[in-house]
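Trainee: Position in the sequence shown counted from 1, then plus 12, gives you this note's numbering.
Got a structure here, written out as structure tokens. Questions coming.
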Amino acid sequence: MITLIRPDLGVPSGGTTYDLRLLREWSGSAVDVALPGSWPFPSDADRARFALALAEASGSVVVDGLVGAACPDEIEVAVARGVRVVLITHLPLDADVTLPHEVRMRLHDTEQRALNVASVVVVPSHHALRALESGFRVTRPVVVAEPGVDPAPLALGSEPPQLLILGALTPNKNHAVVLDALIRVPAGLPWRLVIAGPGETSTLGQRVALLNAGGVGSVGSQSSHGADEGPRERSDRTPTGRVTFAGRDANETWSATDLEPTEQAPGTPTDRVTVTGAVTGRRLDDLWHATDLLLMPSLVETYGLVVTEALARGIPAFVSRDTGAAEALAGRPVDQDAPDEDGAEPDDLAGRLLDPRDPEAWASALVRWLSDPIERARFRTLAANRWTSLNPWSGTAAVIARAALG
């Protein structure tokens, strides 16, 4: 019997999806323990609940790193009693760039202790393994368990092409670089962007306010810039469209979890950007079905589950270089520290690897994709062909079960 202990976050996340799919694959042979709490900053009561869950577990225990990496003492006690504890490191705790330096260092030290006392450590990619080995002193066995993906129908797409950023609205997800890039896209190129995910960030609100001030152009609008031109400079924006947060002005205080899509009244400019808040279930399926290109500009990413979810639907992706998302896109470890002299990428990539801090690079890639139907078709074919090489969740669950059962 395996007990899986995970945080009860109450909102969608890649880590939660990973944990829940493990439980589904293990079916009746696993116990689910979802712990409420202020993870990864647990209170004394949170720690006590975790210690009790470890004490009551029969057999091996798999612990989500958001909980376990914050509670090394409790893990050490359990292991000393003979409990085999597998620690899943979805993302190092100190990866949150919004935290003060001293807080990140404290989280790093706490996680280092947890890594030293767990029986086995699990990471979601070879990129994550390299990052773990370079950032921590790893003394325990480490297993790579790549996330799986479920079969899905090929996406139909939209007209105009729909771009999607799917993930929590946090600075690490780096929505700002895409918004900056879209300012530079000629107004004559039709597109729309959907930003879907839980959370709130003033950084994103400020960027969208900037777009509102400068305009991104209504769908199908014309300007002096032809569709075949390169990206525009920010000084050359035309205020022909608006970005709305489900009817709220972007200058207002907003929370993505409060937002729902709204329709524009007839005769008003069509919105280019929609922020939906968290999307799950049928709404998420419908969103995927209407998407033409996934954008994942994260500053730090150990894998990028949404990338393989996109590929399963024949949707290509533009992702950040030197992150786990690049490995998810390529289907193999990618050496991004030694790019070709001309910046060329592997011919079999269903998308592009881009610098997450370079909006010009994102703008150029988007302009080329939007204006070149041959490239769009090629990327779509490559994405659809990746299905046969994608990992099923049964494989992920089997790898971790072997680690848990020894």
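Yeah, the Cβ is synthetic: ideal placement off N, Cα and C, and Gly gets one too.
These numbers were taken from a predicted model, which means no experiment stands behind them.
#1: Buried or exposed: where does Asp192 fall if 16 or more other Cβ atoms within 10 Å of its Cβ makes it buried?
#2: So what does Ala42 bridge to, in DSSP terms?
#3: From Gly326 to Ala389, what does the alpha carbon distance come to, in whole angstroms?
#4: Terminal residues of the continuous beta strand (DSSP E) containing Gly363?
#5: Taking the DSSP output, what are the residues bridged to Val331?
#6: At least one CB of chain B closer than 7 Å to the CB of Leu127: is that the case?
#7: My output table needs one value for Ala208: the three-state DSSP class, helix, strand or coil.
#8: Tell me the residue span of the beta strand (DSSP E) that contains Asp76.
#9: Need the endpoints of the beta strand (DSSP E) that Gly289 sits in, please.
#10: Going along the chain, which unbroken runs of the beta strand (DSSP E) with 3 or more residues stay wholly within the segment 74-131?
#11: According to the Cβ coordinates, are Trp300 and Arg33 closer than 7 Å?
#12: In whole angstroms, what separates the C-alpha of Gln174 from that of Ser376?
#13: If Pro210 and Ala180 are in contact, beta carbons under 8 Å, what's the gap, nearest whole angstrom?
#14: Counting pairs of beta carbons, one from the segment 37-45 and one from the segment 106-125, are three or more of them closer than 8 Å?
#15: Under a three-way DSSP split, which group does Leu32 fall into?
#16: Could you work out which residue in Leu168, Phe391 and Asn403 is closest to Glu357 when comparing CA atoms only?
#17: In the DSSP assignment, what are the bridge partners of Leu194?
#18: Please report the Cβ distance between Arg204 and Arg295, rounded to the nearest whole angstrom; I am assuming they are in contact, meaning their Cβ atoms lie under 8 Å.
#19: Where Trp381 and Leu21 are concerned, what is the direct C-alpha to C-alpha distance, given to the nearest angstrom?
#20: Closer than 6 Å to a non-hydrogen atom of the ligand MG - does that hold for the CB of Gly40?
#21: Could you give the distance in angstroms between the alpha-carbon of Ala164 and the alpha-carbon of Pro198?
#22: Does DSSP classify Leu341 as helix, strand or coil?
#23: What residue range does the beta strand (DSSP E) around Val155 cover?
#24: Near Thr12, what residues of its chain come up, given a Cβ to Cβ distance below 7 Å and the 5 sequence neighbours on each side ignored?
#25: My guess is that Pro183 and Gly147 are in contact by the Cβ rule of under 8 Å, so how many angstroms apart are they, rounded?
#26: Should Met308 go down as buried or exposed, given a rule of 16 or more other Cβ atoms within 10 Å for buried?
#27: When you compare only the Cα positions, how much space is there between Ala126 and Leu168?
#28: Shortest alpha-carbon distance to Arg344 belongs to which of Leu402, Leu305 and Ile412?
#29: For Ile177, which residues does DSSP report across the bridge?
#30: Between the C-alpha atoms of Ala81 and Pro202, what's the straight-line distance to the nearest angstrom?
#31: Out of Val74, Arg18, His187 and Trp51, which one is the CA nearest neighbour of Ala415?
#32: In this structure, what does DSSP give as the bridge partners for Leu47?
Mentor: Short version:
#1: buried
#2: Ile14
#3: 11 Å
#4: Gly363 to Leu366
#5: Met308 and Leu365
#6: The structure shown contains no chain B; it is built from a single protein chain.
#7: strand
#8: Ser72 to Asp76
#9: Val285 to Gly289
#10: 97-100
#11: no
#12: 17 Å
#13: 6 Å
#14: no
#15: helix
#16: Phe391
#17: DSSP lists no partner for Leu194.
#18: In fact, because the Cβ distance is near 17 Å, the residues do not count as touching under 8 Å.
#19: 36 Å
#20: In the structure shown, the ligand MG is absent, as is every other ligand, since no ligand is present at all.
#21: 34 Å
#22: helix
#23: Val154 to Val156
#24: No answer is possible for residue 12: it lies beyond the span of the chain, which begins at 13 and ends at 418.
#25: Contact doesn't hold; Cβ gap of about 20 Å is too wide.
#26: buried
#27: 45 Å
#28: Leu402
#29: Ile207
#30: 45 Å
#31: Val74
#32: Pro19
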